[in-house]
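Engineer: Taken in order, the sequence shown gives residues 12 to 227; the numbers are from my numbering. For every residue, glycine included, the Cβ atom is placed at its ideal position computed from N, Cα and C. This structure is a prediction, so every number in the text was calculated from the model and none was measured. The structure is given below, and queries will be raised subsequently.
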Amino acid sequence: MATGFIILFGLTMLYLAATSRIIAHIRILIVQGVLLFLICCCGAEHSNLLNFAFLAIETIVVKSIVIPWFLYKVLKQTHSNRDVAANIPHFYCLVISSIVLLAGFLVSNYFVSSVKMIAPIYFGVSAATIIISLWLITIKHKIISNVIEFITMENGIFLLSLSVAKEMPMLVNMGVLLDVFIAVYILGLFVNEINKEFKDLEVSHLSDLKDYEYND
12 MATGFIILFG LTMLYLAATS RIIAHIRILI VQGVLLFLIC CCGAEHSNLL
62 NFAFLAIETI VVKSIVIPWF LYKVLKQTHS NRDVAANIPH FYCLVISSIV
112 LLAGFLVSNY FVSSVKMIAP IYFGVSAATI IISLWLITIK HKIISNVIEF
162 ITMENGIFLL SLSVAKEMPM LVNMGVLLDV FIAVYILGLF VNEINKEFKD
212 LEVSHLSDLK DYEYND
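As structure tokens, then:
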């Protein structure tokens, strides 16, 4: 059962690469949060009640509700509906992402399967998710798109941690959540301020920023 959810998680990255609609990207975050919760439910065979409750809050409440709601509010304020100025057309993004995901499956089966402590399917999809997210960050121009890809990369890291140990320590979970909250909060503030200044959210406008010297 967990294998099917992991494969679906990987396919969400293909959809993310194929569409330019930012609202669809936010919905993908909701789907990924639900899938991560289902993966935790299937893989957490010996988790205690407290750890399972924390995982449920982290995946369902934070990843599927709080963060998408926050990004949706930012999207409404900035009116950035699409990211159509990517360096590579979305069809080629889909093709390249598919190749990366397929490579993740092949590498996990041929090289990781010999390591007993790592679940191959976890490792393959999570590694492909991290690589695809990093690559999309480099080619996207909208800052809010970069924020979304950063969160999908964190979701891949979360899945990667499950490949090493199905029961993650509480402090590791809290550390992951803290990183996500700080990153989304700070980047959200930057998105609002940049939108007020430039009336657009393309990364190229950041090159216009410079320090001003004030004479005392």
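#1: Which residue comes first and which comes last in the alpha helix (DSSP H) that contains S119?
#2: With which residues is K74 paired in a DSSP beta bridge?
#3: Out of curiosity, what's the CA-to-CA distance linking Y121 and Y133?
#4: Measuring CB atoms only, is the segment 140-152 touching the segment 24-31, in the sense that at least three cross pairs come out at less than 8 Å?
#5: Once DSSP output is grouped into helix, strand and coil, what is the label at K87?
#6: Hey, out of I34, N92 and L46, whose CA is closest to W80's CA?
#7: Tell me R32's beta-bridge partners as DSSP assigns them.
#8: At a cut of 8 Å, does the segment 102-117 reach the segment 62-76 through at least three beta carbon pairs?
#9: Would you say C51 and M12 are within 8 Å of each other, going by their C-beta atoms?
#10: According to DSSP, is E224 helix, strand or coil?
Structural biologist: The relevant details are as follows:
#1: Unbroken run through S119: none, as it is neither H nor E.
#2: Beta-bridge pairing links K74 to no other residue.
#3: 14 Å
#4: yes
#5: In the structure shown, K87 sits in a helix (DSSP, three-state: H, G or I).
#6: I34
#7: R93.
#8: The segment 102-117 is not in contact with the segment 62-76.
#9: no
#10: Here the model assigns E224 a pLDDT of 43, short of 50, so the residue's position is not dependable, and the following value carries that caveat. If DSSP states are grouped into helix, strand and coil, E224 belongs with coil.
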